[in-house]
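Asker: In this note's numbering, the protein residues as written are 1235 to 1410.
Cβ coordinates follow ideal geometry from the N, Cα and C atoms, glycine included.
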């Protein structure tokens, strides 16, 4: 399966998962224009300043946005490195952190893990995923999904096996 086919299949799978979980969200591809809007002022961090070298329409191997009836609720951007079999998660951004009644509240990272694990499972030779420059306050939270801090502290890593276990745990907690 090509990376493009895996991306399309992953977006479709994530929508089925969300529907089954009863979350009122729509999954869409994160476009280049969406990414620019997020990094140019709508998000808490200026992602473009850190990862400007990924500002290319061809770099969106796994760009997902989650939309509710109120509009854009969250987004994730990951780049797959086919040279080493790892997915690099650069953006996990929720715009509903204050709205505890929102269907995405408390679920964005879980859905990113579900999508990332599914995507990696479709690509032969995949090894794991990095969360690049994790927010210091979220390191312990990411550890609950099998990620471990790399020695330089600039990323966290989880093997495909650790992600698969996290996916099982998430599915048990979200699916009926």
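Counting only runs of 3+ residues fully inside the stretch 1282-1348, write out the beta strand (DSSP E) ranges in chain order.
Answerer: Taken in chain order, the whole beta strand (DSSP E) runs of length 3 or more contained in the stretch 1282-1348 are 1296-1302, 1305-1315 and 1320-1328.
Asker: Should residue 1409 be labelled buried (16 or more other beta-carbon atoms within 10 Å of its own) or exposed?
Answerer: exposed
Asker: Since I believe residue 1255 is in contact with residue 1353 (beta carbons under 8 Å), could you give me their beta-carbon distance rounded to a whole number of angstroms?
Answerer: Actually they do not touch by this definition, with Cβ atoms about 18 Å apart.
Asker: Can you have a look at residue 1375 and say buried or exposed, based on whether 16 or more other CB atoms are within 10 angstroms of its CB?
Answerer: exposed
Asker: Can you give me the C-alpha to C-alpha distance between residue 1247 and residue 1349, rounded to a whole angstrom?
Answerer: 8 Å
Asker: Just the Cα atoms here: how many angstroms apart are residue 1244 and residue 1337?
Answerer: Approximately 20 Å, taken between the alpha carbons.
Asker: Going by the beta-carbon positions, is the gap between residue 1390 and residue 1381 smaller than 7 Å?
Answerer: yes
Asker: Are there 16 or more other CB atoms within 10 angstroms of the CB of residue 1417, so buried, or fewer, so exposed?
Answerer: As shown, the chain starts at 1235 and ends at 1410. That puts residue 1417 outside it, with no answer to give.
Asker: Please go through the same chain and pick out, in chain order, the residues whose beta-carbon is closer than 8 Å to the beta-carbon of residue 1237, but skip the five residues on each side of it.
Answerer: 1295, 1314, 1316 and 1357
Asker: Using only CA atoms, which one of 1319, 1330 and 1407 lies nearest to residue 1303?
Answerer: 1330
Asker: According to the Cβ coordinates, are residue 1322 and residue 1394 closer than 7 Å?
Answerer: no
Asker: Please say whether residue 1327 and residue 1301 have beta carbons closer to each other than 7 Å?
Answerer: For residue 1301 and residue 1327, no; Cβs fall outside 7 Å.
Asker: Helix, strand or coil: how does DSSP classify residue 1365 here?
Answerer: Looking at residue 1365 - three-state DSSP - the assignment turns out to be strand.
Asker: So residue 1333 packs on residue 1341, CB below 8 Å; how close in whole Å?
Answerer: Going by Cβ atoms, the distance from residue 1333 to residue 1341 rounds to 12 Å, so no, they are not a contact pair.
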